[in-house]
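Take a look at the structure below.
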Amino acid sequence: MKHTIILIIFATLWTCHDAIDTLKPGDTLNSTSSLVSALGKFTLKFITKPVGNSEMSFLAILRIKTEANKAWIANPHSPVLPSSSPILTLDFNNTLKITHQNGQPFILSAPNTTSSTSVVATLLDSGNFVLQEVSSVNRSTIRVFWQSFDHPLDTFLPGMKLGVDHINGHIWSLLSRGSDNNSLSPGPFSLDWDPNGHQLKIKKDGVVYWTSGAFSDGRFEFILPDVSNKRYNFSIVSNQNEDYLTYTSKNDPSDAEPEWVLNPVGDLTDYGAYADYDIKEVLYCDGYNIVGGCVKRDRPSDCVEKFGDDFEIKKGYFKIINSSSINASRPASWIGTDTIIDCKATCWKDCDCLGFDISFQNQTTDARCEFWSVDCEFIEDLTANTSFVLQPKSSPHSPSQKKI
Numbered sequence: 001m002k003h004t005i006i007l008i009i010f011a012t013l014w015t016c017h018d019a020i021d022t023l024k025p026g027d028t029l030n031s032t033s034s035l036v037s038a039l040g041k042f043t044l045k046f047i048t049k050p051v052g053n054s055e056m057s058f059l060a061i062l063r064i065k066t067e068a069n070k071a072w073i074a075n076p077h078s079p080v081l082p083s084s085s086p087i088l089t090l091d092f093n094n095t096l097k098i099t100h101q102n103g104q105p106f107i108l109s110a111p112n113t114t115s116s117t118s119v120v121a122t123l124l125d126s127g128n129f130v131l132q133e134v135s136s137v138n139r140s141t142i143r144v145f146w147q148s149f150d151h152p153l154d155t156f157l158p159g160m161k162l163g164v165d166h167i168n169g170h171i172w173s174l175l176s177r178g179s180d181n182n183s184l185s186p187g188p189f190s191l192d193w194d195p196n197g198h199q200l201k202i203k204k205d206g207v208v209y210w211t212s213g214a215f216s217d218g219r220f221e222f223i224l225p226d227v228s229n230k231r232y233n234f235s236i237v238s239n240q241n242e243d244y245l246t247y248t249s250k251n252d253p254s255d256a257e258p259e260w261v262l263n264p265v266g267d268l269t270d271y272g273a274y275a276d277y278d279i280k281e282v283l284y285c286d287g288y289n290i291v292g293g294c295v296k297r298d299r300p301s302d303c304v305e306k307f308g309d310d311f312e313i314k315k316g317y318f319k320i321i322n323s324s325s326i327n328a329s330r331p332a333s334w335i336g337t338d339t340i341i342d343c344k345a346t347c348w349k350d351c352d353c354l355g356f357d358i359s360f361q362n363q364t365t366d367a368r369c370e371f372w373s374v375d376c377e378f379i380e381d382l383t384a385n386t387s388f389v390l391q392p393k394s395s396p397h398s399p400s401q402k403k404i
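Residue 390 in UniProt numbering is what sits at position 390 of the sequence shown, and the numbering runs on without skipping anything.
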């Protein structure tokens with residue numbers, strides 16, 4: 001009898017420490033516990049991130065090997081204080097929600113169903129968190145009530161969709177985060193699927209900056225073939241119910257699994273790659289070229305009589321004409337923007353703008369621009385800093401200059 005009791009105790013201890021991937025009605029997940037997918041690829045747990053001057057709590061899905069990127073966050077715009085004891089609950093009404101002590105619960109899904117014993121919330125090895133009804137016999141899926149893959153943020157994992165559901169009008173797209181690395185507020189860039197042209201588009205505030213080009217022979221025109229052929233199997237589904245792009249990994253055991261992220265400056269990067277491969281750097285899609293899928297945007301016609309569309313990088317400085325000062329001093333005010341693209345766009349749309357100087361911390365974000373107008377002239381000086389100068393409109397036979 002003693003031996004039997006000991007075996008039961010040991011079996012109980014082993015079960016408690018075994019990884020759990022599923023919540024059943026009545027189960028909860030607090031800030032010290034987590035779900036782990038069956039093969040240990042992803043985890044679902046509460047994390048803390050700084051928001052303003054406070055630490056806030058979020059429910060997140062993370063790849064276990066590299067937790068730097070949060071593949072999905074349940075409550076990006078509804079954070080809770082860690083001290084309020086946030087809890088993820090699947091209650092006996094089959095409602096999946098985050099409860100806390102300081103306010104109303106955050107509802108993820110509240111399906112209209114009377115079933116209780118066969119409804120579960122499971123974290124899959126794809127990174128998808130699914131609320132579903134399963135068979136009581138073999139645990140196979142009967143129907144899906146809700147899934148995190150239907151609510152992407154800035155990350156596109158294999159198995160996700162980008163496109164549109166024609167039945168309910170739901171759109172699957174990515175939205176970048178704000179320029180602050182810790183920010184979970186929505187940024188200006190989006191990655192969308194064009195169901196008419198069957199191509200990907202990166203937009204800023206609704207304006208198209210880049211397209212992937214047409215899909216042919218298993219790849220997109222402007223997604224490099226050496227990458228797509230090694231890492232991605234693309235599939236396009238187009239019918240009366242839905243139109244979307246999805247992809248799977250080619251499952252090379254020596255390669256990391258793909259993880260596309262639309263970052264705050266609009267660049268599309270595969271962070272699953274060992275070297276963090278840039279699928280597209282939108283920094284160079286400034287509206288003045290069509291290289292690599294960049295989309296050219298027309299400058300107002302009355303602005304191009306004297307100046308063209310392109311900027312030149314020149315050493316020198318702008319000098320105010322007829323300035324009473326011997327040394328032309330620059331204005332004290334700088335206009336803050338997100339990226340160098342914003343500086344170019346602002347100058348490009350102003351017919352009086354000759355060019356600008358720029359100051360930024362990391363060459364891509366947190367840019368500050370100082371614009372110069374037609375009451376100035378540019379003085380070339382190889383010992384001075386570089387400026388961005390609109391190139392004067394030239395004849396077709398004029399020598400080319402360095403453009404950006």
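Note that CB positions come from ideal geometry on N, CA and C, so glycine has one too.
For clarity, every value in this text was computed on a predicted model and none was experimentally measured.
Endpoints, the beta strand (DSSP E) within which residue i is located
i: residue 278; result: 277 to 280
i: residue 192; result: 186 to 194
i: residue 165; result: 162 to 165
i: residue 97; result: 96 to 99
i: residue 133; result: 129 to 134
i: residue 378; result: 376 to 380
i: residue 147; result: 141 to 147
i: residue 64; result: Neither: residue 64 is in no beta strand (DSSP E) and is coded neither H nor E.
i: residue 107; result: 106 to 109
i: residue 204; result: 199 to 204
i: residue 355; result: 353 to 359
i: residue 209; result: 207 to 211
i: residue 270; result: 268 to 270
i: residue 384; result: Premise fails: residue 384 is in no beta strand (DSSP E) and is neither H nor E.
i: residue 261; result: 260 to 262
Backbone secondary structure at residue i - three-state DSSP
i: residue 84; result: helix
i: residue 346; result: helix
i: residue 368; result: strand
i: residue 313; result: strand
i: residue 232; result: strand
i: residue 39; result: coil
i: residue 295; result: coil
i: residue 288; result: coil
i: residue 388; result: strand
i: residue 330; result: With a pLDDT of only 45 at residue 330, under 50, the local geometry of the prediction cannot be trusted, and the value read off the model is given with reservation. Coil at residue 330, not helix or strand.
For residue i, the residue or residues it bridges with in DSSP
i: residue 50; result: 55
i: residue 174; result: 191
i: residue 153; result: In DSSP, residue 153 forms no bridge with anything.
i: residue 241; result: Per DSSP, none; premise fails for residue 241.
i: residue 318; result: 378
i: residue 121; result: 23 and 131
i: residue 45; result: 34 and 60
i: residue 70; result: 62
i: residue 114; result: Partner(s): none; residue 114 has no beta bridge.
Beta carbon proximity, residue i to chain C, threshold 7 Å
i: residue 156; result: You won't find chain C in this structure, because it holds only one protein chain.
Task: Inter-stretch contact (C-beta, 8 Å, three-pair minimum) for the segment 261 to 268 and the segment 277 to 290 - done: In short, these stretches touch, since the Cβ pair count reaches three.
Open item on the list: Does the structure place the segment 203 to 216 close enough to the segment 131 to 140 that three or more beta carbon pairs sit under 8 Å?
Closed with: Segments in contact, no.
- [ ] Spell out a yes or no on whether the segment 191 to 199 and the segment 239 to 252 are touching, meaning 3 or more CB-CB pairs, one atom from each, closer than 8 Å.
- [x] Note that the segment 191 to 199 touches the segment 239 to 252; at least 3 beta-carbon pairs, one per stretch, sit closer than 8 Å.
TODO: Mind the definition here: the segment 311 to 318 touches the segment 376 to 385 only if three or more C-beta pairs lie below 8 Å; say whether that holds.
DONE: Because the criterion of three Cβ pairs below 8 Å is met, the segment 311 to 318 and the segment 376 to 385 touch.
Open item on the list: For the segment 49 to 66 against the segment 90 to 97, do three or more pairs of beta-carbon atoms, one drawn from each stretch, fall closer than 8 Å, so that the two count as touching?
Closed with: Per the Cβ contact rule, the segment 49 to 66 is not in contact with the segment 90 to 97 (fewer than 3 Cβ pairs under 8 Å).
Task: the segment 46 to 58 in contact with the segment 75 to 84 per 3-pair CB rule at 8 Å - done: Cβ pair count under 8 Å is three or more, so yes.
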